[in-house]
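Just below is one structure, and these are the notes that go with it.
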Amino acid sequence: MSENASCCFLNIKKCAKVVSIAGMIISLIIFGFCLSENKINWLLLGISFIFLISYVFVFIGALNEMASFMLPALIVLGYKVK
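Position 23, counted from 1, in the sequence shown is what this note's numbering calls 41; the numbers after and before it change by one each time, with no gaps.
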């Protein structure tokens with residue numbers, strides 16, 4: 019990643035970490051709501067788990083500057099991966 023690139027007045031690396039942490043928190047909240055209901059919604063539970071794992075990979079990739087860890091997020095988001 020470029021050192022000078024920025025988004026929303028933040029460095030790209032810092033922005034990726036902030037977005038991944040926010041995504042992990044939201045995924046955990048949804049995961050908790052799914053488990054707290056009397057009738058478990060398995061589809062929503064599975065989707066929130068997949069997004070949680072994806073955000074964890076993005077955080078690790080941004081932390082270690084490894085672009086290969088960003089691949090699961092690209093697949094989940096539906097981008098063209100070549």
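Ideal Cβ positions, reconstructed from N, Cα and C, are used throughout, including at glycine.
Since the model is a prediction, treat every value here as computed from it, not as a measurement.
For Ala85, same chain residues with a beta-carbon under 7 angstroms away, outside a window of 5 residues either side, are Gly79 in chain order. Ile30 is not a Cβ neighbour of Phe77, given a cutoff of 8 angstroms.
Judged by DSSP in its simplified three-state form, Asn82 adopts helix. Burial check for Phe51: the Cβ neighbour count within 10 Å stays below 16, so the residue is exposed.
Here Gly96 carries a coil assignment [DSSP, helix/strand/coil]. With a beta-carbon spacing of about 5 angstroms, Phe49 and Ser66 fall inside the 8 angstroms limit used to define contacts.
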